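Asks: Numbering (the working numbering), first residue to last: 181 to 482.
A virtual CB, placed ideally from N, CA and C, is assigned to each residue, including glycine.
In this text, all values refer to a predicted model and were calculated from it rather than measured experimentally.
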């Protein structure tokens with residue numbers, strides 16, 4: 181009996197040792213890249229980091245998150261790029277702390293991520309509010325870590341009308357939108373979706389539902405604070421500070437950020453050009469996906 185027990189114990193130990201050794205000796209499947217990066221104490225940002233090669237860093241719009249670039253990730257990785265999507269604090273899977281949500285904070289966070297990932301000479305792209313974020317970043321940090329800037333349907337140089345800038349949202353429209361974020365955010369997401377494409381039917385129901393689900397992941401507080409900061413942002417004085425090449429992608433049928441924004445950006449950015457998306461509204465990255473992806477690839481390689 182004692183011999184039987186001893187034999188079973190020895191066999192059990194051998195099996196356990198083999199399992200442990202198998203786990204220890206297993207070749208890691210992960211590339212070792214972090215999905216969450218701490219930008220300050222108790223604040224981590226979600227990062228999608230895929231592929232190898234020339235880095236392209238993408239910043240989402242309001243109130244989306246880095247998931248919006250699903251089809252850009254798929255395309256660019258296959259084309260030999262390292263593509264990195266960052267969800268700004270307050271959005272998506274990133275932390276949603278109480279505190280400041282403005283363009284200095286967003287730019288500072290991006291810089292920390294790029295430093296921690298040791299990214300240099302990246303193409304930095306931003307959509308809608310993200311276009312304002314990356315423009316602010318490039319001016320504030322004198323193009324640190326980047327070699328090119330790409331603006332997609334950017335809510336810039338000023339999302340709101342001003343005394344000498346008759347384009348964009350009126351004071352009343354901006355105030356109404358901010359009020360809706362505080363009182364009926366769910367309806368706002370529905371209305372936003374209807375205006376996202378060139379027409380209400382430009383995007384399929386599944387795609388519209390997908391975008392709505394991404395929007396719903398945003399912190400309500402961050403949603404309000406970010407659009408309030410955008411209302412107060414005037415990037416026109418900053419444009420002259422940007423020296424890197426800039427590609428300006430914009431839909432001619434954009435109902436959320438008028439095509440005139442692209443014209444004004446082009447006037448203010450000395451080394452820029454416009455790519456017109458004749459069949460797109462605000463959702464140019466989906467409405468003319470093939471053109472968007474190939475033009476971004478061409479700009480990155482130029």
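#1: Would you list, in sequence order, the uninterrupted alpha helix (DSSP H) runs of no fewer than 4 residues that lie entirely inside the stretch 191-269?
#2: Take every Cβ of the stretch 337-351, pair it with every Cβ of the stretch 410-418, and state whether three or more of those distances are shorter than 8 Å.
#3: For residue 443, tell me which candidate among 465, 403, 354, 348 has the shortest Cα-Cα distance.
#4: Please report the straight-line C-alpha distance between residue 409 and residue 399, rounded to a whole angstrom.
#5: What did DSSP end up calling residue 186 once you bin it into helix, strand or coil?
#6: Along the chain, where does the alpha helix (DSSP H) that runs through residue 369 open and close?
#7: Please classify residue 405 as buried or exposed, where buried requires at least 16 neighbouring CB atoms within 10 angstroms.
#8: Please tell me whether residue 279 and residue 238 are closer than 8 Å, where the distance is taken between their beta carbons.
#9: May I ask you to list the residues that DSSP assigns as paired with residue 426?
#10: Ends of the alpha helix (DSSP H) at residue 280?
#11: Is DSSP giving residue 348 helix, strand or coil here?
#12: Pair every Cβ in the stretch 217-226 with every Cβ in the stretch 278-298, then say whether three or more of these pairs are closer than 8 Å.
#13: On the three-pair Cβ rule with 8 Å, is the stretch 348-363 touching the stretch 442-456?
#14: Report back the beta-carbon spacing between residue 378 and residue 461 to the nearest angstrom; my notes put them in contact at under 8 Å.
#15: According to DSSP, what are the bridge partners of residue 335?
#16: Taking the alpha-carbon of residue 221 as reference, which of 474, 308, 289 has the nearest alpha-carbon?
#17: Between the stretch 364-373 and the stretch 317-326, can you find at least three pairs of beta-carbon atoms closer than 8 Å?
#18: Where does residue 253 land, buried or exposed, given buried means 16+ other C-beta within 10 angstroms?
#19: If we call anything under 8 Å between Cβ atoms a contact, is residue 245 one with residue 267?
#20: In its own chain, which residues sit with a C-beta less than 7 Å from the C-beta of residue 387, not counting the 5 before and 5 after it?
#21: Distance, Cα to Cα, residue 328 vs residue 423?
#22: Starting from the C-beta of residue 396, find all residues in its chain whose C-beta is less than 7 Å away, skip the five residues before and the five after it, and write them out in chain order.
#23: Taking the continuous beta strand (DSSP E) assigned at residue 306, which residues delimit it?
Replies: Result, derived from the coordinates:
#1: Listed in chain order, they are 250-258.
#2: Flag = yes, the stretch 337-351 and the stretch 410-418 touch.
#3: Per the C-alpha coordinates, the member of 465, 403, 354, 348 positioned closest to residue 443 is 348.
#4: Their Cα atoms are separated by approximately 15 Å.
#5: Per-residue confidence for residue 186 stands at a pLDDT of 49, beneath the threshold of 50, marking its modelled position as unreliable; no derived number is given.
#6: If you look at residue 369, you'll find it in the alpha helix (DSSP H) that goes 365-374.
#7: With 16 or more other CB atoms across the displayed protein chains lying within 10 angstroms of its CB, residue 405 is buried.
#8: It is not a contact, given that the beta carbons lie outside the stated cut-off.
#9: In DSSP, residue 426 forms a bridge with 329, 452.
#10: Membership of residue 280 in any alpha helix (DSSP H) is not indicated, and neither H nor E is assigned to it by DSSP.
#11: In the three-state scheme derived from DSSP, where H, G and I count as helix and E and B as strand, residue 348 is classed as coil.
#12: With a cut-off of 8 Å, the stretch 278-298 and the stretch 217-226 count as touching, because enough Cβ pairs lie within range.
#13: Pairwise C-beta distances place the stretch 348-363 out of contact with the stretch 442-456, as fewer than three of them are shorter than 8 Å.
#14: About 4 Å separates the beta carbon of residue 378 from that of residue 461, a gap short enough to meet the 8 Å contact definition.
#15: Under the DSSP definition of a beta bridge, residue 335 lacks any partner.
#16: With respect to the C-alpha of residue 221, the residue from 474, 308, 289 having the closest C-alpha is 289.
#17: Too few Cβ pairs lie closer than 8 Å, so no.
#18: So residue 253 ends up on the buried side.
#19: Contact: yes.
#20: These residues qualify, in order along the chain: 466.
#21: The straight-line gap from Cα to Cα measures roughly 9 Å.
#22: In chain order, 369 place their CB closer than 7 Å to the CB of residue 396, counting only its own chain and leaving out the 5 sequence neighbours on each side.
#23: Under the DSSP assignment, residue 306 falls in the beta strand (DSSP E) whose first and last residues are 302-307.
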